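Visitor:
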Amino acid sequence: QRKELAASKSEAAKEELSKQQQAELKALEQARQENIKRLRREGKIAAKKKAKEQARLIADAEAAEALAAQARLERERDRQEAAEKKKLEFKAKLKANADAVAAAKEAKAINDELKRVQEEAQSA
């Protein structure tokens, strides 16, 4: 009986140790799974942050590109306005020259008429 009692106690101790080891293994596995979940979650957060930063950089680049395009358009508009102004100034000079030529022709015609009248008066 003693041997049986000792054997059963030894068996019970083995079973208790086995249960304790299984519980420890289960706890370790659960901790490992939680670590995996945490790392995945942190990885997703880091990926989201990286994606946001990339989106911000792209938006900044697009804004800079838009500003550069706007500046190019403004320079082109200014150039066209300056060209139009020069064109108008040239037309004004041409008109002034044409008016001066017309006035000179009219003055010459008047002078010619005066000379003719004076010559007629002298010959008469």
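Residues 60 to 183 (this note's numbering) are what the sequence shown spells out, left to right. For glycine and all other residues, C-beta sits at the position ideal for the given N, C-alpha and C. Being a predicted model, the structure only gives us computed values, none of them experimental.
With 8 Å as the threshold, decide whether the Cβ of Lys154 is near any Cβ in chain C.
Guide: Among the chains of the structure shown, chain C does not appear; only one protein chain is present.
Visitor: I need the straight-line Cα distance from Ala127 to Ala159, nearest angstrom please.
Guide: Looking at the two C-alpha atoms, the distance is approximately 48 Å.
Visitor: Taking the C-alpha atoms as reference points, what is the distance between Lys164 and Ala155?
Guide: Between Lys164 and Ala155, the C-alpha separation is close to 14 Å.
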